[in-house]
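Step one of this worksheet: look at the structure below.
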Amino acid sequence: MQIGPFVCRCPSRSHDVCGKRFKERNNSKDCSTPVTVSTRNATMKLFKCQACGQLLHFENHACERCGHRLGYLPDTVTVSVLEPDSDTTWRALAQPGSAHRFCANAEFDSSNWLVPATAGEAYCTACRHNGVIPNASDPANLAAWRVMEQAKYRLFYTLLQLRLPLKTRAEDPEHGLVFEFLAEPRTMAPR
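Using full-length UniProt numbering, you'd call the opening residue of the sequence shown number 1 and step up by one each time.
So, in structure tokens, the structure goes:
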């Protein structure tokens with residue numbers, strides 16, 4: 001069965017259940033091939049809901065089938081189903097026995113990345129590199145910032161996969177990575 005640029009060779013023919021996609025060049029014969037999808041010359045992994053088996057995308061905040069809250073675990077490069085642990089912490093089904101909280105930028109609905117509950121950091125691995133963000137009280141700024149944040153998360157996904165050093169500017173003032181998301185200056189209306 002042709003699914004976008006991929007061919008599914010699942011012997012069960014229940015493609016809506018298995019949710020697997022296969023690269024033609026791999027000549028996969030079964031469901032053991034990793035689930036990947038090609039996007040703009042980069043490869044983003046697809047994930048699976050640990051509660052219901054639904055196919056999940058990197059940017060999902062909730063499972064579209066069962067409604068479970070989702071979070072991204074950068075240490076294990078996994079999107080996980082979350083169960084409430086306390087008022088501020090969550091248990092990740094993909095990482096049993098550990099408590100997490102959302103990045104502080106989840107307040108603006110711009111992040112689904114998780115931070116270990118015991119960490120002293122308020123921000124996730126990606127958001128620690130934000131030096132300047134636009135005024136989030138302006139709806140136009142907030143919408144533009146969310147788009148830029150999604151691109152930044154995809155970048156960090158790749159950087160983590162490549163195991164590149166991710167020093168912040170505070171950790172390495174000369175070579176540390178920092179993002180400054182600036183807003184357009186407001187022009188004054190003529191009087």
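Cβ atoms here follow ideal geometry from the backbone N, Cα and C, with glycine treated the same way. Note that the structure is a prediction, hence the values are computed from the model and not measured.
- The beta carbon of Ala140 is closer than 6 Å to none in its chain, skipping five residues each way along the sequence.
- Straight-line spacing of the CA atoms in Tyr157 and Gln150 works out to 11 Å.
- Across the structure, His57 and Pro134 are spaced so that their CA atoms are roughly 27 Å apart.
- Between the alpha carbons of Phe179 and Gly131 lies a distance of about 6 Å.
- Under DSSP, no beta-bridge partner is assigned to Phe108.
- Contact annotation: Ala117 and Arg101 have beta-carbon atoms nearer than 7 Å.
- DSSP, reduced to helix, strand and coil, places Arg65 outside both helices and strands of the structure shown, so it counts as coil.
- Your pair Lys48 and Leu55 checks out as a contact, with CB atoms roughly 7 Å apart and the cut at 8 Å.
- Excluding residues up to 5 positions away in sequence, Gln150 lie with their Cβ nearer than 7 Å to the Cβ of Glu59 in the same chain.
- Between the stretch 58 to 76 and the stretch 92 to 99 there are three or more C-beta pairs closer than 8 Å, enough to call the two in contact.
- Between Trp145 and His129, the alpha-carbon positions lie close to 14 Å from each other.
- In this structure Leu160 is in contact with Val77, their Cβ atoms being roughly 6 Å apart against a cut-off of 8 Å.
- Taking C-beta atoms as the reference points, Asn105 and Ser111 count as a pair closer than 7 Å.
- The Cβ-Cβ distance between Phe181 and Met148 falls below 7 Å.
- Here Glu64 has Gln54 as same chain residues with Cβ atoms under 7 Å from its own Cβ, once five neighbours each way along the sequence are excluded.
- Residues of the same chain with a CB within less than 7 Å of the CB of Lys152, apart from the 5 flanking positions on each side, are Ala126, Phe179 in chain order.
- DSSP places Ala143 in the uninterrupted alpha helix (DSSP H) bounded by 139 to 161.
- Our two residues, Ala170 and Leu177, have alpha carbons roughly 9 Å apart in a direct line.
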